[in-house]
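Structure first, commentary second.
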Amino acid sequence: MFPTLLVLISMATLGCALHFPIGPEFLLKKGPINNRIVGGEDTPIETIPWQVSLQSQGWHYCGGVIYSKNIIITAAHCVHNNDSKILDSEIVDVRVGSSTSDNGGSVIKVAKITVHDHYIHYVYKNDTPKSQYDIALILLSSPLEMGPTVKAIPLAESVPNDGAVVRVSGWGYTETGEAPLHLKSVYVNIVNLEKCARVNKIESTKAKICAASPRKDSCNGDSGGPLTYRSKLVGIVSFGPEICGDPSQPGVYTDVVELRQWIDVEATKLSSN
Ligand code: 4AZ
Numbered sequence: 010m011f012p013t014l015l016v017l018i019s020m021a022t023l024g025c026a027l028h029f030p031i032g033p034e035f036l037l038k039k040g041p042i043n044n045r046i047v048g049g050e051d052t053p054i055e056t057i058p059w060q061v062s063l064q065s066q067g068w069h070y071c072g073g074v075i076y077s078k079n080i081i082i083t084a085a086h087c088v089h090n091n092d093s094k095i096l097d098s099e100i101v102d103v104r105v106g107s108s109t110s111d112n113g114g115s116v117i118k119v120a121k122i123t124v125h126d127h128y129i130h131y132v133y134k135n136d137t138p139k140s141q142y143d144i145a146l147i148l149l150s151s152p153l154e155m156g157p158t159v160k161a162i163p164l165a166e167s168v169p170n171d172g173a174v175v176r177v178s179g180w181g182y183t184e185t186g187e188a189p190l191h192l193k194s195v196y197v198n199i200v201n202l203e204k205c206a207r208v209n210k211i212e213s214t215k216a217k218i219c220a221a222s223p224r225k226d227s228c229n230g231d232s233g234g235p236l237t238y239r240s241k242l243v244g245i246v247s248f249g250p251e252i253c254g255d256p257s258q259p260g261v262y263t264d265v266v267e268l269r270q271w272i273d274v275e276a277t278k279l280s281s282n
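Using my numbering, read the sequence shown as starting at 10 and increasing by one per residue.
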């Protein structure tokens, strides 16, 4: 059971300006029926050891992915507030090496955050929020100790074909309308990008890929987490329609293959600072 009230209180103390994928605006906007990782299964961290949880004041609010011993990849909207400012590093922690979002593994402080220069987050005509270049890198304040529950994932070299089976994971809302404490994952299919852009009313297909499957999806709180194909990173959970799990409206992911160079260059810059 996700203690909604406590989340609301902690949101209030944190500052409601933060764009939290699990936060008041979403709790109000989406009822339990629509809040749906949807259709997934409990998955031990050992099978997705690159998955991390971004936390603030002890609460999971977004996913992330281990790129190297000191760099995490996440969604830009997970480290931005509503004033389009990058969050203070002090208020974001990263839990690694645990299947549960509220204990286990280790919690590491953030040293620095880099967001893609072209990132924008917008709402058009009261439709669901959308973004472009929704990607950011987090420099950890101390290097990760790699092991069976903590591993970096290589970036994919090519986008899987339409229909390919890909896996997405996180601690986001499930079909019961609650945020689970145990990590979940689900398999979905890559969807044709033009078609996805049409139905989701996205103007630009740049640096995006889409995936869907009936009643299987990522959802609020999965943002920033990994979309993988054959254990390589192909996408970062970015946004989706009001209803998670509706195959006619695919989930949208940041295209890691297109942004490979940006990731490699910025990660090198960040870690050499
Ligand atoms: C979100 O709001 C969100 N179904 C993430 C992914 C999807 C929808 C919403 C995709 O964080």
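Positions of the beta carbon are idealized from the N, C-alpha and C atoms, including for glycine.
Because the structure is a prediction, the values reported are computed rather than measured.
Same chain only: Cβ atoms within 7 Å of residue i, ignoring 5 sequence neighbours per side
| i | result |
| --- | --- |
| SER283 | Examination of residue 283 is not possible in this model, given that the chain is present from 10 through 282 alone. |
| ARG224 | VAL47, GLY48, GLY254 |
| ALA120 | SER98, LEU148, LEU149, SER150 |
| LYS160 | PRO58, TRP59, ILE75 |
| LYS118 | ASP102, SER150 |
Simplified DSSP state of residue i, which is helix, strand or coil
| i | result |
| --- | --- |
| LEU180 | For the record, residue 180 in the displayed sequence is Trp; it is not Leu. Looking at TRP180 - three-state DSSP - the assignment turns out to be coil, as it is neither helix nor strand. |
| GLU5 | Outside the shown range of the chain, which is 10 to 282, sits residue 5, and nothing can be said about it. |
| LEU268 | coil |
| THR277 | helix |
| LEU192 | coil |
| ILE199 | strand |
| THR7 | Residue 7 falls outside the range modelled here, since the chain spans only 10 to 282, and no answer is possible. |
| SER98 | helix |
| LYS121 | strand |
| CYS87 | helix |
| ALA165 | coil |
| ARG224 | coil |
| ALA145 | strand |
| LYS241 | strand |
| CYS253 | coil |
| LYS139 | strand |
| TYR262 | strand |
| VAL246 | strand |
| VAL61 | strand |
| VAL132 | coil |
| LYS217 | strand |
Spatial distance of residue i from residue j (CA atoms)
| i | j | result |
| --- | --- | --- |
| ILE144 | VAL88 | 9 Å |
| SER257 | ASP264 | 20 Å |
| HIS86 | LEU63 | 12 Å |
| GLU154 | SER178 | 22 Å |
| PRO138 | PRO152 | 34 Å |
| ALA173 | ALA188 | 27 Å |
| TYR142 | ASN112 | 32 Å |
| LEU236 | VAL200 | 13 Å |
| LEU202 | ILE252 | 19 Å |
| GLY249 | ASN135 | 14 Å |
| ILE218 | GLY114 | 31 Å |
| VAL61 | ILE162 | 12 Å |
Closer than 7 Å: residue i CB and nearest the ligand ATP heavy atom
| i | result |
| --- | --- |
| VAL246 | Annotation note on the ligand ATP: not contained in the displayed structure, which lists the ligand 4AZ as its ligands. |
Other residues of its chain near residue i: CB distance less than 8 Å, five sequence neighbours each side excluded
| i | result |
| --- | --- |
| LEU96 | LEU27, VAL88, HIS89, ASN90, ILE122 |
| PRO157 | GLU55, PRO58 |
| TYR133 | LYS139, LYS210 |
| SER5 | In the structure as shown, the chain starts at 10 and stops at 282, and residue 5 therefore has no counterpart that could be examined. |
| VAL175 | PRO169, TYR196, VAL197, ASN198, ILE199, ALA220, LEU236, THR237, TYR238, VAL243, GLY244 |
Proximal residues to residue i (C-beta, below 6 Å), its chain only, five neighbours per side dropped
| i | result |
| --- | --- |
| ILE100 | SER65 |
| GLU267 | ALA216 |
| PRO12 | Because PRO12 sits at a pLDDT of 38, beneath the cut-off of 50, its placement in the model cannot be relied upon, and the point is left open. |
| SER232 | PRO30, CYS71, ALA84, CYS87, VAL246 |
| VAL116 | ASP102, ARG104 |
Contact with chain C by residue i, beta-carbon distance below 8 Å
| i | result |
| --- | --- |
| LEU236 | No chain C is part of this structure, which consists of one protein chain only. |
**Report entry** At least three beta-carbon pairs within less than 8 Å, the segment 180-200 to the segment 264-279
**Finding:** no
Query raised in the report: For the segment 113-131 against the segment 167-178, are there 3 or more C-beta pairs whose distance is under 8 Å?
Result: no
Query raised in the report: Do the segment 205-212 and the segment 70-77 make contact, defined as three or more Cβ pairs closer than 8 Å?
Result: no
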